[in-house]
Structures are given as structure tokens and as C-alpha cells.
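Student: Next up is a structure, given as C-alpha cells.
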Amino acid sequence: MEKEDKRMQTIYTKMTEEEIDRDMIRRAGEILRAGGLVAFPTETVYGLGGDAFNPESSRRIYAAKGRPSDNPLIVHICRMEDLERVALRVPEEALRLADAFWPGPLTMILPRRPELPRETTGGLDTVAVRFPSNRIAAALIDAGGGFIAAPSANRSGRPSPTLARYCREDLDGRVEMIIDGGQVGIGLESTIVDLTEEVPAILRPGFVTWEKLCEVLGRVDAGPLVPEENDAAPKAPGMKYRHYAPQGNLTIVEGTPEDVASYINRRTAVHRREGVRTGVICTEETKGRYEADLIKSAGSREDENSVARELFRILREFDDEGAEEIYAESFAADGIGRAVMNRLLKAAGHHIVRV
Ligand code: AMP
Ligand code: MG
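In the working numbering, each residue's number is its place in the sequence shown (first place is 1) plus 18.
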């Protein structure tokens with residue numbers, strides 16, 4: 019199926035933001051300039067980078083991920099002045115957002131410059147641009163020529179990698195290099211905000227919340243919690259694809275903590291009688307209530323950033339441990355909770371039970 023998918027020897031290297039291995043970054047930069055691919059840490063999730071101005075690099079990213087090529091890539095920059103090399107117009111709102119959140123986990127959709135290959139922008143007239151704060155990412159972007167197209171470094175459909183080990187699982191032999199920079203801090207992909215419309219609109223919720231964007235811009239369209247399932251041409255094309263789904267069947271359960279635990283315990287008891295392996299995604303406050311085979315706390319409800327950071331790791335662990343029926347507690351869809359619920363709903367194929 020994947021004709022271009024030739025196997026290669028992947029180079030692994032490890033570094034920290036405090037101690038960047040300059041020699042390896044130089045080597046990674048050479049790989050990128052020659053049209054190769056490098057997976058690297060960012061503050062959100064690991065990215066799979068290629069030279070944004072090289073159409074062949076973008077084609078290789080799609081092939082390595084097994085991703086449909088109408089799903090555009092995010093262009094990563096490491097200098098503010100480079101923004102106008104990829105964006106045709108930079109509205110005043112973009113400058114205000116950059117001032118408040120860049121470098122950081124915010125992606126802006128702007129009209130694209132014609133020099134940018136259509137392969138990189140999935141054939142759209144717009145470009146998604148981000149300026150990450152992770153210092154390894156910044157050094158790599160600089161070494162690679164300043165413009166790195168990078169989606170998340172997972173095979174299409176799988177949860178985005180929050181550890182280099184998961185990049186290896188998905189991309190070993192498909193990319194030239196993987197840079198291990200430890201566990202990422204945020205754990206969910208960047209907030210995407212569309213600045214090409216009259217009112218700026220969130221296309222994907224993330225760590226930079228609607229509330230924070232409103233503080234800077236005044237009026238921002240929060241967008242749907244998850245895009246309409248039957249929307250054939252959503253604004254962020256990636257949102258129409260099945261995402262993050264674990265191999266097991268995932269159900270979100272909403273209700274009071276007592277009702278949620280008793281519903282899940284009833285269900286897992288039935289599954290156990292049928293010999294089906296069960297898992298629960300819960301929180302520190304509730305983990306003692308469950309009787310499933312695998313019980314995973316994503317952290318405290320007092321600290322939803324921790325839930326964001328752990329969610330994708332937990333989904334992958336359930337795959338590794340063979341969970342067949344998985345139940346997740348629900349989270350209030352405001353602040354960072356909105357991004358958590360967006361990913362959970364997509365992972366669950368919108369399957370939510372209210373008890
Ligand atoms: P990933 O980096 O894997 O999270 O994927 C990039 C996301 O950005 C996908 O959901 C894309 O659909 C979205 N994206 C990239 N470029 C654009 C664009 N020009 N307009 C709208 N969404 C975009
Ligand atoms: Mg992705």
C-alpha cells in the first residue's frame with residue numbers, strides 16, 4: 019500500500035532543553051535540509067519535522083504517518099520575523115496573539131504565501147503557523163533552515179506521542195532521526211485559532227484556552243467542542259479523521275462521581291464474567307472506587323493540566339496492556355478541560371453515556 023515507505027536505519031539521540039547536543043542538532047539540521055525527517059520534542063507533543071519549503075519532505079511526512087495528504091501540516095518557525103515569509107498578510111490580531119502566547123502552544127491560521135508548496139498546506143490557501151517554546155525544537159528549526167512542517171509524530175489515528183518511546187513505536191525505520199527530549203510538558207496538541215475570518219475562531223482547543231484568547235482579542239468564537247461528524251469540509255481538515263482511538267472500545271461516562279463509579283463497576287463486572295479485559299481512566303480523587311482490571315489515574319481534578327499531560331500516555335498503555343473495554347470519567351468542558359474533552363470524545367468516537 020505504502021510504496022514510498024522504504025525502511026531505513028533511524029538514528030536515536032537524547033538531550034534535554036538545558037543541555038542541547040549541538041553536534042546532533044547540526045546533524046539533524048543537515049538531514050532536514052537534505053529532505054529527510056526528524057521527530058522532535060515540543061512543549062505540546064512530539065512533532066514529525068520536514069523542510070516546509072520542500073514538497074518532497076511534506077510528501078514523505080504523509081507517507082511516514084500514513085496520513086491523508088489533504089490534512090495540512092503546521093509550519094514551525096523560530097523567529098518572529100519569519101512569519102511573513104509564510105503568511106501573505108499578518109493581521110493586527112496575529113501580532114497581539116504572538117505577543118501574548120509565542121513562543122508557545124498556539125497555532126494561527128493565516129493566508130499563505132504562494133511560495134509555500136501546496137503539499138505542505140494540503141492544497142489550502144491558508145497556512146497554519148506555530149512558534150514553539152521548547153528549546154530543542156527551536157534549535158532544530160533554526161538548524162533545519164527556519165521553516166519546519168510538522169504534524170504530531172504518530173502514525174495516523176494513534177494518540178499523539180508524549181514520549182520519544184512512542185515515536186519509536188510508530189516511526190522506527192520510517193524517519194532519519196528521533197530526538198528524545200523526555201516527557202512533554204503539556205501533552206495535548208496546540209490550540210488552533212483561525213484568523214482568516216471576521217471573528218477569530220478556535221478550530222482545535224488546547225492549552226491556550228478560549229478564556230485566555232478572549233482576554234487578548236475580546237471576541238473569539240469558541241467553536242464546537244468537537245466538529246460535526248458529518249461535516250465533509252471542516253475548517254481544520256484534520257478534525258474530520260478518526261483520531262487517538264485506542265484499540266479497545268472507549269466509553270465516556272458523565273454524572274456524579276458516585277453514579278459514574280457505580281455504573282462503571284456494574285459494566286466491568288459484566289465484562290469480567292465474559293472474560294473481557296477492562297480499563298478505567300479516572301482521577302486521584304476517585305481511583306479507589308473502581309474494580310476494573312486496569313485502573314489509571316490521570317492526576318487530580320484540582321490540576322487538569324496533569325490530566326492533559328497523561329491522557330495520551332494512558333490511551334497507549336491500554337493498548338499495550340490489552341484493554342478491551344475502557345471507561346473514562348468526564349471533565350467539565352471549560353479551561354483546559356475543553357481540550358481534554360475534545361480529545362476524549364474523538365478517542366471515544368463520540369460515545370458518551372450520561373448516568
Ligand atoms: P497535527 O500537527 O497532527 O495536530 O495536525 C495539524 C492540524 O492542523 C490538523 O488538524 C490540520 O487539519 C490543522 N491545520 C493545518 N493547517 C491548517 C490550515 N491551513 N487550516 C486549518 N487547519 C489546519
Ligand atoms: Mg496529529
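Note that beta-carbon positions come from the ideal geometry of N, C-alpha and C, so glycine has one too. Quick caveat, the model's predicted, so the values are computed rather than measured.
Rounded to the nearest angstrom, what separates P129 and P59 at their Cα positions?
Tutor: Taking the first residue of the sequence shown as 1, we reach residue 129 at position 111. Taking the first residue of the sequence shown as 1, we reach residue 59 at position 41. Cα to Cα, the separation comes out at about 27 Å.
Student: What residue range does the beta strand (DSSP E) around G65 cover?
Tutor: By 1-based counting over the sequence shown, the position of residue 65 is 47. Note, G65: beta strand (DSSP E), G65 to D69.
Student: Got a sec, what are the start and stop residues for the alpha helix (DSSP H) S76 sits in?
Tutor: Translated into the one-based positions of the sequence shown, residue 76 becomes position 58. From DSSP, the alpha helix (DSSP H) with S76 extends over P73 to K83.
Student: Could you tell me whether the Cβ atoms of L206 and R361 are closer together than 8 Å?
Tutor: Stepping through the sequence shown from its first residue, residue 206 is reached at position 188. Stepping through the sequence shown from its first residue, residue 361 is reached at position 343. Yes.
Student: Would you list the one or two residues that DSSP bridges to S315?
Tutor: To locate residue 315, count along the sequence shown from 1; it is residue 297. For S315, which the question treats as bridged, DSSP gives the partners C300.
Student: Counting beta carbon pairs with one atom in the segment 36-45 and one in the segment 132-148, are three or more of them shorter than 8 Å?
Tutor: Contact between the segment 132-148 and the segment 36-45 is absent, because fewer than three Cβ pairs lie under 8 Å.
Student: Quick check: what's the CA-CA separation for E20 versus P86?
Tutor: One-based indexing of the sequence shown puts residue 20 at position 2. One-based indexing of the sequence shown puts residue 86 at position 68. With a pLDDT of 48 at E20, under the threshold of 50, the modelled position of that residue is not reliable, and the figure given next carries that caveat. Spanning the two alpha carbons is a distance of roughly 12 Å.
Student: Pick from R307, I127, K83 and P90: whose alpha carbon is nearest that of E187?
Tutor: Here residue 187 refers to the residue found at position 169 of the sequence shown. It is K83 whose Cα lies nearest to the Cα of E187.
Student: So, using beta-carbon positions, are E61 and G199 closer together than 8 Å?
Tutor: Taking the first residue of the sequence shown as position 1, residue 61 is located at position 43. Taking the first residue of the sequence shown as position 1, residue 199 is located at position 181. No, the Cβ-Cβ distance between E61 and G199 is not below 8 Å.
Student: What residue from R372, V104 and Q201 has the CA that sits closest to E276's CA?
Tutor: As a working mapping, residue 276 is identified with position 258 in the sequence shown. Of the listed residues, the one whose Cα sits closest to E276 is R372.
Student: Nearest to V147 by CA position, among L213, K364, R173 and K314, is which residue?
Tutor: The residue given as residue 147 occupies position 129 in the sequence shown. The option with the nearest alpha carbon to V147 is L213.
Student: Unbroken beta strand (DSSP E) runs of length 3 or more, entirely within the segment 112-173: which are they?
Tutor: Here the runs fully enclosed are 124-129 and 144-148.
Student: Assign H289 to one of three DSSP states: helix, strand, or coil.
Tutor: Sequence index remark: in the sequence shown, residue 289 carries index 271 (1-based). In this structure, H289 counts as helix in the three-state DSSP scheme.
Student: Which residues bound the alpha helix (DSSP H) around L363?
Tutor: Within the sequence shown, the letter at position 345 stands for residue 363. First-last of the alpha helix (DSSP H) with L363: G355 to A365.
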